[in-house]
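K.L.:
Just so we're aligned, residue 0 is where the sequence shown starts under numbering that gives the first Met the number 0, counting upward by one. Don't be surprised by glycine CBs; every beta carbon is placed ideally from N, CA and C.
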Amino acid sequence: MSKEMLEAFATLEKTKGIKQDVIVDAIKAALVAAYKKNYNQAQNVEVDFDERRGNFKVMAVKTVVDEVQDDRLEVSLKDALAINRAYEVGDEIRFEVTPKNFGRIAAQTAKQVIMQRLREAERSHIIDEYSQYEDELVTGTVERRDDRFVYVKIGNVEAIMPQRDQMPNEVYNPQDQIRVLVTHVGSDSKGAQIVVSRTAPDVVKRLFEQEVPEIYDGTVEIVSIAREAGDRTKMAVKSNDPNIDPVGTCVGQKGARVQNIVNELGGENIDVVKYEEDPSDFIANALNPAEVIAVQFGDDEEEKSALVIVPDYQLSLAIGKKGQNVRLAARLTGYKIDIRPESEVEFVDEKSDDSAKSTETTAEEDSSADTDTADTDTADEDTTVQAEEKSSEDNTEG
Numbered sequence: 000m001s002k003e004m005l006e007a008f009a010t011l012e013k014t015k016g017i018k019q020d021v022i023v024d025a026i027k028a029a030l031v032a033a034y035k036k037n038y039n040q041a042q043n044v045e046v047d048f049d050e051r052r053g054n055f056k057v058m059a060v061k062t063v064v065d066e067v068q069d070d071r072l073e074v075s076l077k078d079a080l081a082i083n084r085a086y087e088v089g090d091e092i093r094f095e096v097t098p099k100n101f102g103r104i105a106a107q108t109a110k111q112v113i114m115q116r117l118r119e120a121e122r123s124h125i126i127d128e129y130s131q132y133e134d135e136l137v138t139g140t141v142e143r144r145d146d147r148f149v150y151v152k153i154g155n156v157e158a159i160m161p162q163r164d165q166m167p168n169e170v171y172n173p174q175d176q177i178r179v180l181v182t183h184v185g186s187d188s189k190g191a192q193i194v195v196s197r198t199a200p201d202v203v204k205r206l207f208e209q210e211v212p213e214i215y216d217g218t219v220e221i222v223s224i225a226r227e228a229g230d231r232t233k234m235a236v237k238s239n240d241p242n243i244d245p246v247g248t249c250v251g252q253k254g255a256r257v258q259n260i261v262n263e264l265g266g267e268n269i270d271v272v273k274y275e276e277d278p279s280d281f282i283a284n285a286l287n288p289a290e291v292i293a294v295q296f297g298d299d300e301e302e303k304s305a306l307v308i309v310p311d312y313q314l315s316l317a318i319g320k321k322g323q324n325v326r327l328a329a330r331l332t333g334y335k336i337d338i339r340p341e342s343e344v345e346f347v348d349e350k351s352d353d354s355a356k357s358t359e360t361t362a363e364e365d366s367s368a369d370t371d372t373a374d375t376d377t378a379d380e381d382t383t384v385q386a387e388e389k390s391s392e393d394n395t396e397g
């Protein structure tokens, strides 16, 4: 070991970001293992490192005792006092036991251990550095691709983008600059692993946060996103300021803001809809651009199902190509949506029904009143007849 070793440590710290202390600790552990293995030594040993010269020494640690039972681990009080009269029973004394031919054999044996510790340290460093970027949008450079992954260089590390996270309408060529979402920072048997995505819904969310200041500062809030990457996205937004239109804010003047995001995503269509607390209004908005006549909900609240009635000529628009529009609306709102044309649904007009009932009641009252009048007229006729008969009888008697 020499000053060249110190220079190597400095290079590793600069290029790999691994502290010199970590490297030295790894080498110490490796040298202890190599010493015990190659020299059949089982005693308690330590390795010292001279930071000024770059040298390592193997030191045997022995305990001072009255009577020695194992000279590999113990030293007598008499011998200890010969070294220094301040030693007492129970103290530990360190003796240098570095073999003369320790260099090549020990270095070869320790190599694997050292490399393993360095990989672990590098892995830990990468995880610590990049865990702060998890769920964030970063810019990377495409390095290469194979049947499973696209490999993206982010800073000093290589991230992987699985097939499920690759846009179907994009081709990734070496040296392409792409913006990706860091979805996972962890480790596996091969080292640190960073997974990135272009298809995750949060890609759209982060792009809007960067493009729309009102979203970034919380004035406009993204409530939910439903996405079929590369084709279409629906995003529900609401405003925390009654004076700000959330949809118009996201779309921008002449659609400039949303168009920038569409361009970033390779032409993916983006529908921005207004979130409503009323589920029926929210579902109607989510089915945009289709017109909705009415929304009826099922009796089972846990199932969260809704029947949506649309005009006959709007049925295909509401369903969308291959059912995409209604599928995204269902994912956006959290409701199972069944769409029916107006001609297949019978409506019960409550107002008309109430009016009919009122008319019937009035008719019945009028009929009852007419009956009462008729009865009164009959009673009057009876009274008149009786009066005439009485008058006739009186005349006869006279």
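Alpha carbons only, please: which of 61, 300 and 80 is nearest the one belonging to residue 74?
P.N.:
When only C-alpha atoms are compared, the closest one is 61.
K.L.:
Using only alpha-carbon positions, find the residue among 80, 209, 317 and 94 that is nearest to residue 135.
P.N.:
Nearest of 80, 209, 317 and 94 to residue 135, Cα basis: 209.
K.L.:
Does the region 237 to 244 touch the region 305 to 314, meaning 3 or more C-beta pairs lie closer than 8 Å?
P.N.:
Segments in contact, no.
K.L.:
Taking the CB atoms as reference points, tell me whether residue 113 and residue 25 lie closer together than 8 Å.
P.N.:
Closer than 8 Å, so yes.
K.L.:
Pull up the DSSP beta-bridge partners for residue 58, would you.
P.N.:
According to DSSP, which records beta bridges pairwise, residue 58 is partnered with 45 and 95.
K.L.:
Below 8 Å between beta carbons: does that hold for residue 200 and residue 224?
P.N.:
Contact: yes.
K.L.:
Thinking C-beta only, is residue 158 closer than 8 Å to residue 17?
P.N.:
Contact flag unset, no.
K.L.:
Does residue 139 come out as helix, strand or coil in the three-state DSSP assignment?
P.N.:
Three-state result, residue 139: strand.
K.L.:
Evaluate contact between the region 328 to 342 and the region 216 to 236, counting only Cβ atoms and requiring at least three cross-stretch pairs below 8 Å.
P.N.:
The answer is yes - the region 216 to 236 touches the region 328 to 342, with three or more Cβ pairs under 8 Å.
K.L.:
Along the alpha helix (DSSP H) that carries residue 34, what are the first and last residues, could you check?
P.N.:
From DSSP, the alpha helix (DSSP H) with residue 34 extends over 19 to 37.
K.L.:
Indicate the three-state DSSP secondary structure (helix, strand or coil) for residue 358 in the structure shown.
P.N.:
Residue confidence for residue 358 is low, a pLDDT of 38 falling below 50, so the modelled location carries little weight and cannot support an answer.
K.L.:
Report the partner residues of residue 307 according to the DSSP bridge assignment.
P.N.:
DSSP lists 294 and 338 as partners of residue 307.
K.L.:
Can residue 179 and residue 160 be called in contact, C-beta distance under 8 Å?
P.N.:
Yes, these two residues count as a Cβ contact at 8 Å.
K.L.:
Counting only C-beta atoms, is residue 238 closer than 8 Å to chain D at any point?
P.N.:
This model lacks chain D altogether; it includes just one protein chain.
K.L.:
Within 10 Å of its beta-carbon, does residue 85 have 16 or more other beta-carbons around it, so buried, or fewer, so exposed?
P.N.:
It is exposed - the Cβ of residue 85 has fewer than 16 other Cβ atoms within 10 Å.
K.L.:
Nearest to residue 65 by alpha carbon, out of 77, 56 and 59?
P.N.:
If we check each option's Cα against that of residue 65, 77 comes out closest.
K.L.:
Residue 223 lies in the beta strand (DSSP E); which residues open and close that run?
P.N.:
Start and end: 219 to 227.
K.L.:
Tell me whether the region 334 to 344 and the region 311 to 320 touch, counting them as touching only if at least three CB pairs, one residue from each stretch, are closer than 8 Å.
P.N.:
At 8 Å Cβ cutoff, the stretches touch.
K.L.:
From residue 301 to residue 274, what distance separates their C-alpha atoms?
P.N.:
Distance between the alpha carbons of residue 301 and residue 274: 21 Å.
K.L.:
Alpha carbon to alpha carbon, how far is residue 130 from residue 402? Give it in angstroms, no decimals.
P.N.:
With the chain covering 0 to 397 only, the question about residue 402 has no answer from this structure.
K.L.:
Identify the continuous beta strand (DSSP E) that holds residue 155 and give its terminal residues.
P.N.:
Segment: none, residue 155 is in no beta strand (DSSP E) and carries neither H nor E.
K.L.:
Nearest to residue 248 by CA position, among 271, 148, 265 and 263, is which residue?
P.N.:
The shortest C-alpha separation from residue 248 is found at 271.
K.L.:
Any idea what DSSP makes of residue 190, helix, strand or coil?
P.N.:
If DSSP states are grouped into helix, strand and coil, residue 190 belongs with the strands.
K.L.:
What whole-angstrom Cβ distance do residue 87 and residue 56 have, given they're in contact under 8 Å?
P.N.:
About 25 Å; that fails the 8 Å criterion.
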